[in-house]
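Read in order, the letters of the sequence shown are residues 4 to 201 in the working numbering. Down below is the structure, laid out as structure tokens.
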Amino acid sequence: MELEDRIIQQLHNSMEVNAVTIEQYTPLIAHAGELLLHCLVSESKIICCGNGASSSLGQYFTTTMMNRFKNERPGLPAINLNSDGSTLSAICEDSNFVDAMAKQIHALGQPGDILLIMTPHGRSSSLIQAMQAAHNRDMSVIVLNGGDGGDITALLSPDEIEICIPSDDYNLVHHAQFLVLTALSDLIDYQLFGSDTQ
């Protein structure tokens, strides 16, 4: 029963974190969905970034944008900065990993674009530089964060959004962030087509 007990405890912990996330952040998630839609219908794009597992979350979200979420529709412009291994390795070789995403944002970002950052703790120097680069390019920022928010929280402007998952367990934060990204994908499709997806 020991293994089963661990499974049950892990799932209960996740359910508790998700319940608190729902209670605290549903209005902000809805607002983020509105901002992302406005970005897309204004012919701007969403640029995602994160490190490690957070990068995988960004890849999931850009896949739902570029291909589809549930139903067939035209692709929507979204980029995950960690997907181009050649560019990342070149920047890291010639400069520093801290610049890996900021340099791409300076090259690709345009006013009206949204930078969507995923992090479990808000303390990565590369993501802090990415946020500063986005502000330099007159982009807005949405942060999916965790724990106490780290250093990124202080860099947000008053009109930007932070959804900070209330846990110091990175795995629980990532799981909740995956659910938030799924909700955002659904909200975008719902607002575009005005009817429930299947």
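For each residue, glycine too, the CB sits at the ideal point set by N, CA and C. If you're wondering where the values come from, they're calculated on a predicted model, not measured in any experiment.
Pair within 8 Å by beta-carbon distance, residue i and residue j
i: M68; j: L84; result: no
i: L39; j: L187; result: yes
i: A133; j: I108; result: yes
i: I168; j: L130; result: no
i: I164; j: A35; result: yes
Selection from the options that minimises the alpha carbon distance to residue i
i: H41; options: E165, V146, D116 and S170; result: D116
i: G53; options: P114, H124 and L182; result: H124
i: S47; options: I82, P169, L60 and D189; result: I82
i: Q180; options: A56, I191, L91 and A93; result: A56
i: P161; options: L14, L79 and S143; result: S143
i: L147; options: L118, A110, N139 and D141; result: L118
i: Y193; options: A33, F100, L182 and D87; result: A33
i: G150; options: H177, Q135 and S128; result: H177
Length of the line joining the Cα atoms of residue i and residue j
i: S17; j: V23; result: 10 Å
i: L184; j: R76; result: 18 Å
i: D189; j: L159; result: 25 Å
Beta-bridge pairing of residue i - partner residues as DSSP gives them
i: N148; result: C167
i: N83; result: C51
i: S98; result: S98 pairs with nothing; no bridge assigned.
i: S143; result: I117
Start-to-end residues for the alpha helix (DSSP H) that takes in residue i
i: M69; result: A56 to M69
i: N21; result: E5 to V44
i: N74; result: N74 -> no alpha helix (DSSP H), and no H or E assigned at all.
Residue i: first and last residue of the uninterrupted beta strand (DSSP E) it sits in
i: L119; result: I117 to M121
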